[in-house]
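To start, the structure under review is shown below, and the notes come after it.
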Amino acid sequence: MGQGGRAALKLGLVMLLGAACGWSKPFVDPALRLRLRANAIEPISAVIHLSGQYDLSQLKDSNHPQMEPNAHLIQALVRFNVEKSQTVTDFLKAQPSETVQEMRPLWITNSLRVKAAPSVIEKITKMESPESIYLNSGKEVDGDEGGATESTLSEAEQNVSWGIKKLRADAVWSLGFRGQGVVVALIDSGAALSHPDLAPNIWANLGESGFDENGQDKAINGKDDDGNGFIDDAHGWNFEDGNRDVTDVSGHGSQTAGIVGGMGAGGRVTGVAPKATLMILKACCNAGSTEMFESNVWEAYQYVIQKGVRLISMSLSAKHNSGPSYSKWRRASEVLLKAGVIHINSAGNRGGGNVPFNVGAPANNPPPWLHPLQPLNGGLTSMITIGATDENDTARFYSSSGPVTWEEVSEYKDYEYSSGAKLGLVKPDLCAPSEVPSTSMDGKSYTHSFGGTSSATPHIGGVMALLLSAQPSLTPAEAAEALQNTAAPVEGGFSNRCGAGRVDALAALEYVLKKNCKI
52 MGQGGRAALK LGLVMLLGAA CGWSKPFVDP ALRLRLRANA IEPISAVIHL
102 SGQYDLSQLK DSNHPQMEPN AHLIQALVRF NVEKSQTVTD FLKAQPSETV
152 QEMRPLWITN SLRVKAAPSV IEKITKMESP ESIYLNSGKE VDGDEGGATE
202 STLSEAEQNV SWGIKKLRAD AVWSLGFRGQ GVVVALIDSG AALSHPDLAP
252 NIWANLGESG FDENGQDKAI NGKDDDGNGF IDDAHGWNFE DGNRDVTDVS
302 GHGSQTAGIV GGMGAGGRVT GVAPKATLMI LKACCNAGST EMFESNVWEA
352 YQYVIQKGVR LISMSLSAKH NSGPSYSKWR RASEVLLKAG VIHINSAGNR
402 GGGNVPFNVG APANNPPPWL HPLQPLNGGL TSMITIGATD ENDTARFYSS
452 SGPVTWEEVS EYKDYEYSSG AKLGLVKPDL CAPSEVPSTS MDGKSYTHSF
502 GGTSSATPHI GGVMALLLSA QPSLTPAEAA EALQNTAAPV EGGFSNRCGA
552 GRVDALAALE YVLKKNCKI
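Just so you know, we're using this note's numbering here: the sequence shown kicks off at 52 and counts up by one.
As structure tokens, then:
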């Protein structure tokens, strides 16, 4: 009997044993069931969530002394994912090659993304090993509605953006910290790599740089020179299209990149950390789309961990009504915390109302450090959620307000809200300036005003680059503590409008250095 026959026999035995032992079939997303019932022949992309999660507490330190950063964590999660997916992967490998187009491991959530013929997906829905199976569909992104008004000409022409001055980031520059030595992973719609403010700061993957043995440029030779599973990922990766092209076609990513690390070569300094290095991870909003695919972002997270990057700036969140996979977003954020990654994320632009579901995913994940005034305790993740403020330290009307709750997510059941009887989890954690000048996607000029919490968030991505430049060993918890304990109060103090307040970069740096006995 050949390998395919043995795999098919194994699958049949597993399914037979499942029936005999009373195993239940996985939950199947209603949208996926509709696609399967349509009897279409086009391949279906599905995300298969497998049973269980690796116990992260078994890993005392994600940085094993004999391994690269996070290698021990990655190996443990990959092994667990391989074990849990064995039945599914054996089955898929036994299918005719033309019926299975993709099989990607999502070890960060213990999942698989599979693109295959409907008949293949149908058989997987009858297996025992998956926990649930969802159609790989886009989730509605919480856009920048109401937050992109034009600045006055005099404001737009300022040499240094008012947001930088409000944060006192320029005072940190005078101490010698401009983000040098820090890589910031920008998970967004790509970036204008040729913009004079961005080009000097774009990350270069050393494994895909230089020339190969045939004298070809490794960045474009069509080979996976560094063996990481991505071909020619010279500056990052396009998780939307599965290729090296991280060019921005919507403008959103170029603008967030400019606020994190625009260095002013074009005449206007828009970047909070003008010497930071920008890793471009395109995972959303291709060709003007207002949707993101969760699995693309989770893959981007994996890339960040594999590359040992310590900081993510992400101005994306999925609205509650689009049905985000809350438990998987939180699990991914727990893994990022274990890997020592600081994740800065936008709160969204929905204003007030719809509590406790007003703040989208993953921005509703708990922070790595709980403020002393946070009324309820619960689990922690890498997430630091950012709202938006104006020139007068007043919360923007559109900035999404908490609280949020996890009481209805069976895997967690914490931060209770109970229809307002309890106070839930305060969100956002902090606020920052929005509606500021930034770089544009045309590769040469500037936008007069980029708004929403999408513009507030990269400000704090830049502030974190400044702090890491001064204190490279800073942990996510230490970062959140420093930012929150030194923030300028907004609208009366700690609340669901702006958390601990508007970030003060200089005060946060002084806090970090004092705590580490450096001043």
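C-beta: ideal position from N, C-alpha, C; glycine also.
This one's a predicted model, so the numbers in the text were calculated from it and none came from an experiment.
Three-state class that DSSP yields for residue i in the structure shown
i	result
Asp239	strand
Ala220	helix
Asn252	helix
Glu134	helix
Asn347	helix
Tyr562	helix
Asp193	coil
Met118	Confidence is the limiting factor: at Met118 the pLDDT is only 49, short of 50, which leaves the residue's position unreliable and the question unanswerable from this model.
Thr298	strand
Arg382	helix
Ile282	coil
Leu481	strand
Arg553	strand
Glu342	strand
Ile92	coil
Asn265	coil
Asn396	strand
Val233	coil
Ser113	With a pLDDT of 47 at Ser113, under the threshold of 50, the predicted position of this residue should be treated as unreliable, and no value is reported.
Thr328	strand
Phe228	coil
Asn567	coil
Ala270	helix
Phe78	strand
Leu592	The structure shown has nothing for residue 592, since the chain only spans 52 to 570.
Val406	coil
Gly63	At Gly63, the pLDDT of 43 sits below 50, so the modelled position is not reliable; the number obtained from the coordinates is stated separately. DSSP places Gly63 in helix when its eight states are reduced to three.
Val460	coil
Arg401	coil
Tyr377	helix
Leu87	helix
Gln146	coil
Leu107	helix
Phe358	Strictly speaking, residue 358 in this sequence is Lys, with Phe absent from that position. Correct three-state label for Lys358: coil.
Strand pairing of residue i, partner residues [DSSP]
i	result
Val320	Val211
Lys333	Asp239, Asn289
Thr490	Tyr497
Leu101	Pro181
Leu431	Bridge partners of Leu431: none, in fact.
Ala472	None; Ala472 has no bridge partner.
Ala539	Arg553
Ser546	Gly550
Ala369	Val192, Ala412
Ala446	Thr440
Val455	Leu476
Buried or exposed by the 16-neighbour rule on C-beta atoms within 10 Å, applied to residue i
i	result
Asp555	buried
Ala127	buried
Leu534	buried
Arg88	exposed
Val563	buried
Ala390	buried
Ile125	buried
Pro488	buried
Leu257	exposed
Gln54	Below a pLDDT of 50, predicted positions are generally treated as unreliable, and Gln54, at 46, falls in that range; the measurement from the model is reported next regardless. Exposed, by the Cβ-count rule.
Gln425	buried
Glu93	exposed
Ile271	exposed
Asp80	buried
Val133	exposed
Ser212	buried
Phe142	buried
Leu64	Low confidence applies to Leu64: its pLDDT is 44, below 50, so where it sits in the model is not reliable, and the reading given next is rough at best. Exposed is the call here.
Ala472	exposed
Gln2	Here the chain covers residues 52 to 570 and nothing more, so residue 2 does not appear.
Range covered by the alpha helix (DSSP H) that runs through residue i
i	result
His303	303 to 312
Gly16	The structure shown has nothing for residue 16, since the chain only spans 52 to 570.
Ile511	504 to 521
Ala414	Here Ala414 belongs to no alpha helix (DSSP H), and DSSP marks it neither H nor E.
Leu534	527 to 536
Boundaries (first-last residue) of the beta strand (DSSP E) holding residue i
i	result
Val165	162 to 167
Leu186	181 to 186
Glu153	151 to 157
Leu362	362 to 365
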